[in-house]
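Input: a single structure, listed below in structure tokens.
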Amino acid sequence: MKSDKEISIDQFTEAEKELVAAKVKSLTQKMSHVPSKKEEKEILKEAKRMVMKDRVVKETTKAVIAKKPRKASAAKESEVKEYSWTASLSKNPRALKTK
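Residues in the sequence shown are numbered consecutively from 46, following our numbering.
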């Protein structure tokens, strides 16, 4: 049997608590009969899970931080848009030496 940890209502903000209540109401209306206590618990659990999933999606999309650009020397070939030969030669003076 699948063991899901129940999400505490304390983890939600006031707006999210209202969303949970609205989802519970909509899920209850979809059932077409009066749910038993066990079904009510399952509906509440599902509503909390749905709201938490939306919250996690929002946070992860918001938390995508712009990555620090790599140095040209450390970049992969596909990431290099422009390559400056003069800059690479000035960076590596041994490349200018001829035998």
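All C-beta atoms, glycine included, are put in the ideal place defined by N, C-alpha and C.
Quantities reported herein were computed from a predicted structural model and do not represent experimental measurements.
Endpoints, alpha helix (DSSP H) assigned at residue i
i	result
Asp99	Lys82 to Lys107
Glu51	Careful: Glu51 lies outside any alpha helix (DSSP H) and carries neither H nor E.
Ser77	Counting along the chain, Ser77 falls outside any alpha helix (DSSP H), and DSSP gives it neither H nor E.
C-beta atoms of residue i and residue j nearer than 8 angstroms
i	j	result
Leu72	Glu91	yes
Val96	Glu61	yes
Val69	Ile88	yes
DSSP state of residue i mapped onto helix, strand, coil
i	result
Thr131	helix
Cβ pair count under 8 angstroms reaching 3, the stretch 80-87 against the stretch 99-108: no
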